[in-house]
Structures are given as C-alpha cells and as structure tokens.
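**Q**
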Amino acid sequence: MRYVAGTVTHTPPLTTGPRPRGGHEIHDDGTLRAWTVEHGAHEVQRALSRDGTAEVILVGDCLAGADEVRDAADAAARGHWHTASRLHGSYLGIVRVGRTLRIAGSRAAFVQVHWVADAAGSVTWSTSAIALAALAGAAPDPLRLLAEVTTWGVEPGGDGWFDGIHRVPPGTALTLAPGAPPQVERLPLPARTSFAEAAAALRHELPLAVGHRALSGKPVSADLSGGVDSSTITCLAAAHTDLTAVTYVDAAMADQDDTRYAAEIAAAYPGITRHLVDGRLVGSRHFDRLEEPASIPFTDAPALSVGTLGILGAQLAPAIAAGSTGHLTGWGGDNVLDAIASPADRYRSGDRIAALLDTYRLARDRRSAAHPVLRAVTASGRGNHSRALADLADKVLAGTALRVLPDTADVARWCGRLTAARWLTTAGRTALADLVGTRAAVADSAVGPGELRERLALEATGTEHAALDTLARTLWGLPMHAPYLDTRIVDICHAVPAWERRRAGDFKPLARAALTGLVHAPVLTRRTKTAFNGVYDGLRVNAHVLRDLLAGSALSDAGLIDPGAVLASLDRTIHGSPADLGSVHALVAAELWLTNLPTAFTTWWEPTPTRETLR
C-alpha cells in the first residue's frame, strides 16, 4: 500500500529506530526523517525559500510546477505556511519554518495524516493509520466502527480507527515545535465569494486539474456514466488527449437517461473510444468476490468499494486492456458542484425569509408536510451541535423508537440515529452513548447542521476514493484520479454558500455557469439523475456469503450489536427494503476490514541501519 511516514524529534538526532519496510528515505535533517512507500520520484517535490528560512516538501498527486512550489516556500517564510496546502492536486504537505514543522493532508481527506507520540517526545506520523497501529501495537476502536454504522452526523474529530492513534482532521495541520506538545492547527478557510466569481475560477481551474492528468503522454481512461460529474471530466480530458471511456450498466440502468447521454458524448468527441460494459452480460454484481476475504486487498479504512469489486473489475477491464496509466472519475462532483440542502444554515445566517421559502420548496419537492420541517429549521436557530449530540446520546441510551421512513426535517438537524441502531445491545447503547456524549463536550457550537453534514460527506467521499485507489492499484495496477477532490477545487466551490450551489428547481447550476462551452451542452442542462438500485440483485445472489460474514461479526462478538437483529435486517434488505441498506453495506465493509487487518509490526516496519546515507 502507498503511504508516507516520518519521525520528528527536537532532541539529539535519532540514528536508529524503525523505518517503513520497503520505504525510500526522502528527507533527514536531524529533526525530520521521512520515507515514501510505493511512490515514484516524480511524486516528491521540494523547495527552499529564497531566504533559506522555510522549506516545503510535497508528496503525492501534486500538480504544481517547480516555480509554484518555490513560491509556496517563500510564502511560508512570510508567515503564510498554509499556501503549500492550496496548490493543484491532492497530496501530503510538509512545511518547515525555522524549527517548526507543519504536516497536513488534503482538505477532502483523500490524503490523511495520523500520529502518535512516544514518552521521549518524538512523534511518528503517517498517511497510513494501519502502519502506525502496527508500530504502536494498537487495536481497532470498535466504538468508532459502531458509530459509523448506527449514527449520522457524529464527527470523529481527532479520533482515528485505532485506540491511541490520533487523526489530523482534514482542514487542519499537525504542528510540531521545540518545547511544545503536538498541536492540531486549523488552516484558514478561503473567504466567501460570489457565485459568479466561483464559476469563473472553476472554469479556469477544473480544466487545469483534468489537463494535468490527461497530458501525461501515456494512455488514460475515464468513467463516462452520462451523469454531469463523470461526463464533465471526460469531456475536459478529451479536449487534451484521446482516451478510453467506460460506461457501465446493469438491468436497472440500461434504459435510463445516463446511457443515452454517454452515447451522445462519445459521438460528439472523436477522441473518445467508448466501451459499454453490461453487467448482465459479464456476470458482475454487487457483493461479488467476497467468498474469500483474504483475497481482498486491505485498505487504510473500511471501504464500501469492497461491495463493488466484481463491478469494478468489469468496469475497468477495457481501460486495463487499453494500457491506461490513470483512470479519471467524477468522484466528488456531488460534494462540490452540488450541496446538501441547508435551509437551517441560511436561517442561522440571518437570511430568515429566504430560508423559510427554501424550506417550503424543499418540503414540496420531497412531498413532505411543510410544518415539521419549518419547526426544525426555526429550532436550529436556538440549538447548536453540542446540544444536538447530547440529545442524541440520551436517545441512544434510552433506546427510544426510531423512524423507519426518511424524515425531511433531518436537513435541519446536526445528527441522528440510523435504523441500524435497532441492532444495539444494552452494552452497545451504553458504550455508544458515552462516545457521543464525549464528542458533545468538544463539539463546535458555531457550526450549522448543513455545514457539518457537507464537511462530513466530503470527508467520507475522499476517504472512500482513497480506498478505491488502493484497491485499483493493488488488483489492476491502475491509479484512480478524482479532480473534484483536489483541495483547490473544493476551496473554490465551498466558498459559495450551499444554498446558492443548490437551487430549487435547478440541478448543479455552478457546473452550467462555469463550464458551458467546455462540456457537451445537453449534459449541463440535465434535470434527471439515475438511481443506482441494481444492488438488490447482488444482495440476493450473494446472500449466503453475507450471512456467513455477518453471523460471525466482530461487533457482535464484542457484545455491541445483536447478531439476530443484524441478520433480520439483512433479510429485509435482500427482499428490497431500503431502510437498512446503507448500514448493512457499512457493516459488511467494517467486518471485511477487521478480518483482513494486517497489523503485525514486521509487515510494516524494519530496523533502520545505524546511519542511512542522505539521498
């Protein structure tokens, strides 16, 4: 698995100690030692400021040129250290100013940073939580997994997937300075901007983000579902190079609008060679390839993508056959071009009349009674995240009745329980309530419910795409790219309030305003979105595999969830009930992750020679 790791000490330099197995040392100045694993030399960039007081090291999919990296180092020397985190791409950034180090991942969580400190004050950090768990002998945190499966809106904050392994939340940096304990420092957010200004910036930046990847001089490929997100990326790439584009359909999607739009785009761009992959013909379904869990590559976090391995293999086969060296996707488009409905945030901002009108329109669009939604929106003006989490902890502990059908009023709430909370045992409810109560004590009371959910959704998308990239590289040697998740693209789009990116009666207006003339025009005027519900066919066919997996659930063995309730939910889901689908899928991902977790020290680390030669 690809990752970066390092050790920081402000005591006399280390000359021995563990190093990543198979790692390549990229830095050693007596304070910071850093290694890459499975990265090419072109994926490491560095620059000193012109006055020599600051240094920048960037690792991963950073698309900036040498001059831009040098300018970032100069900016750091002037106190603007965060500039290094806002260049093109998704990457790890290390910034040294004097003797202070800052380490940050990408805003969309495609690259994350984890850390652990020892008794001597040295800090070991990595973009892989599993690597640090192996180093520290840390076990997975079952409550973090439990919260992911049974609740929504419960922010993990600095808690990682393993006990004692700290996480640097996206949008923050790990700051290490002499004589001071490690701190997590928030990066400044870009100033709010107008819709028109964001559209102009996106029109410039998104083609650059795609073009940097398409102009590698090597074969590339792309998803072409026919939806706005993947179609936009494919059209922008086709303006730079010939490429292989793949449209995947199953019985539920074959006659939907997406397929027609994909065919139109391929006909409009001569450089696109389109392959239509029909799951019915190739025999691919959801939850295929799970009979042998040991054959599934491990990822740094539980990955929903393990439920689509059979589909991914069929989808990527034409790209692999064409010799693709990178596959472009539309992942993240919903997070940046669209937004989560947020009338409560608009209400809290002071624009109350417009917020109430938004609420009426939302209730009408969802065919919901307006008054419960209005009450929830106005209540959010008096509430806050901390109070909402405290109320959630009380409901979890009491085991109060759950709604089965979706509640439109949830758009005005910070958090809640999923229907899978019915699985909780008494011990599970107690443990989960304690966890939620702990989060309530440190929650940001100023954040609005829409802002919180948008940030968590973006983070979940980035984390999942990182897992997808790991799976595709491991199984098929094919890197996956998501230009929408680049920090610069996220910054541009999220500088526009959510209620301007999502407008009643319109669909992704920011895409149309920014990209008209650059993308096949009919795509930008779409008002439909295909529902991907072919999952039920895969559930039925692979039911026996899923029952065997969930019957031996680690969370059940820990006494946190009732295995009988889990299997009953699985049976309802197999027969078409959507209520528990998300949680069943999340639990399958968590159980497979726990089954395959390689945390043995020798798998990840090896002794460092007495003194390595600088290189």
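If you read the sequence shown in numbering that gives the first Met the number 0, its first letter stands for residue 0, the second for the next number, and so on. Glycine included, each C-beta is placed from N, C-alpha and C at the ideal position.
Quick one: measure Cβ to Cβ for residue 427 and residue 145, integer angstroms, because I've assumed they're closer than 8 Å.
**A** 7 Å between Cβ atoms; contact.
**Q** On the DSSP bridge list, what partners appear for residue 56?
**A** Per DSSP, 45 and 93.
**Q** Excluding the 5 residues preceding and the 5 following residue 19 in the sequence, name in chain order all residues of the same chain whose CB lies nearer than 6 Å to its CB.
**A** Around residue 19: 4, 34 and 36.
**Q** Can you tell me whether DSSP reads residue 258 as helix, strand or coil?
**A** In this structure, residue 258 counts as helix in the three-state DSSP scheme.
**Q** Nearest-angstrom Cα distance between residue 534 and residue 287?
**A** Looking at the two C-alpha atoms, the distance is approximately 11 Å.
**Q** I'd like the span of the alpha helix (DSSP H) that includes residue 23, first residue to last.
**A** No alpha helix (DSSP H) contains residue 23, which is instead part of the beta strand (DSSP E) from 23-27.
**Q** If we count the other Cβ atoms within 10 Å of its Cβ and call it buried at 16 or more, is residue 130 buried or exposed?
**A** Residue 130 comes out buried.
**Q** Can we say the stretch 293-307 touches the stretch 552-564, given the rule of at least three CB pairs closer than 8 Å?
**A** Segments in contact, no.
**Q** Return helix, strand or coil for residue 239, following the three-state DSSP convention.
**A** Residue state, collapsed to three classes: coil.
**Q** Rounded to the nearest angstrom, what separates residue 523 and residue 511 at their Cα positions?
**A** Cα-Cα distance, rounded: 5 Å.
**Q** Less than 8 Å between the CB atoms is what I'm expecting for residue 372 and residue 411, so what's the real figure, rounded?
**A** With a Cβ gap of about 7 Å, residue 372 and residue 411 count as contacting.
**Q** Counting C-beta neighbours from all protein chains within 10 Å, is the total for residue 332 16 or more, i.e. buried, or is it exposed?
**A** By the neighbour-count rule (16 or more Cβ atoms within 10 Å), residue 332 is buried.
**Q** Taking DSSP's pairing of strands, which residues face residue 437 in a bridge?
**A** Partner(s): none; residue 437 has no beta bridge.
**Q** Measuring CA to CA, which of 266, 61 and 551 is closest to residue 589?
**A** With distances taken between Cα atoms, residue 589 lies closest to 551.
**Q** Classify residue 483 as helix, strand or coil using the three-state DSSP reduction.
**A** Three-state DSSP puts residue 483 in a helix.
**Q** Using a Cβ-Cβ cutoff of less than 6 Å, which residues in the same chain neighbour residue 398 once the five nearest sequence positions on both sides are dropped?
**A** Cβ neighbours of residue 398 beyond the five flanking positions: 428.
**Q** Assuming residue 141 and residue 554 make a contact with CB atoms under 8 Å, what is their CB distance in whole Å?
**A** The pair is a contact, with the Cβ atoms about 6 Å apart (cut-off 8 Å).
**Q** What are the boundary residues of the alpha helix (DSSP H) that includes residue 182?
**A** First-last for residue 182: 182-185, but that is the beta strand (DSSP E), not the alpha helix (DSSP H).
**Q** Exposed or buried, what is residue 246 when buried is set at 16 or more other beta-carbons lying within 10 Å of its beta-carbon?
**A** Residue 246 comes out buried.
**Q** List the endpoints of the continuous alpha helix (DSSP H) containing residue 205.
**A** 194-213 is the span of the alpha helix (DSSP H), which, as asked, contains residue 205.
**Q** Which ranges does the alpha helix (DSSP H) cover as unbroken runs of at least 4 residues, wholly within the stretch 246-291, from first to last along the chain?
**A** Taking only runs of at least 4 residues, the alpha helix (DSSP H) segments lying wholly in the stretch 246-291 are 256-267 and 278-281.
**Q** Compare the beta carbon distance of residue 251 and residue 279 with 7 Å and say whether it is the shorter of the two.
**A** Cβ atoms of residue 251 and residue 279: not closer than 7 Å.
**Q** Nearest CA to the CA of residue 91: which residue from 75, 2, 408 and 269?
**A** The residue with the shortest Cα to Cα distance from residue 91 is 2.
**Q** Just curious, the alpha helix (DSSP H) that residue 370 is in, first and last residue?
**A** Counting along the chain, the alpha helix (DSSP H) containing residue 370 begins and ends at 369-379.
**Q** To the nearest angstrom, report how far apart residue 506 and residue 226 are at their CA atoms.
**A** When rounded, the distance between both Cα atoms is 11 Å.
**Q** Going by DSSP, what residues sit across from residue 61 in a beta bridge?
**A** Paired residues: 88.
**Q** Buried or exposed, going by whether 16 or more other CB atoms sit within 10 Å of the CB of residue 586?
**A** It counts as buried.
**Q** Using only CA atoms, which one of 100, 214, 154 and 190 lies nearest to residue 52?
**A** Residue 52 has its Cα closest to that of 100, out of 100, 214, 154 and 190.
**Q** Identify the continuous beta strand (DSSP E) that holds residue 19 and give its terminal residues.
**A** Unbroken beta strand (DSSP E) run through residue 19: 17-19.
**Q** According to DSSP, simplified to helix, strand and coil, what is residue 34?
**A** Of the three classes helix, strand and coil, the one that applies to residue 34 here is strand, per DSSP.
**Q** Considering only the beta carbon of each residue, do residue 573 and residue 538 sit closer than 7 Å?
**A** In this structure, residue 538 lies closer than 7 Å to residue 573 by Cβ.
**Q** Give me the Cα-Cα distance between residue 618 and residue 30, rounded to the nearest whole angstrom.
**A** This structure gives no information on residue 618, because the portion of the chain shown stretches from 0 to 614.
**Q** What residues are listed by DSSP as bridge partners for residue 7?
**A** Looking at the DSSP assignment, residue 7 forms a beta bridge with 31 and 122.
**Q** So, helix, strand or coil for residue 154, using DSSP?
**A** Three-state DSSP puts residue 154 in coil, outside helix and strand.
**Q** Quick one: what's residue 415 bridged to in DSSP?
**A** Answer is 151, bridged to residue 415.
**Q** Enumerate, from N- to C-terminal direction, the unbroken alpha helix (DSSP H) stretches of 4 or more residues contained entirely within the stretch 488-521.
**A** Taking only runs of at least 4 residues, the alpha helix (DSSP H) segments lying wholly in the stretch 488-521 are 497-500 and 508-514.
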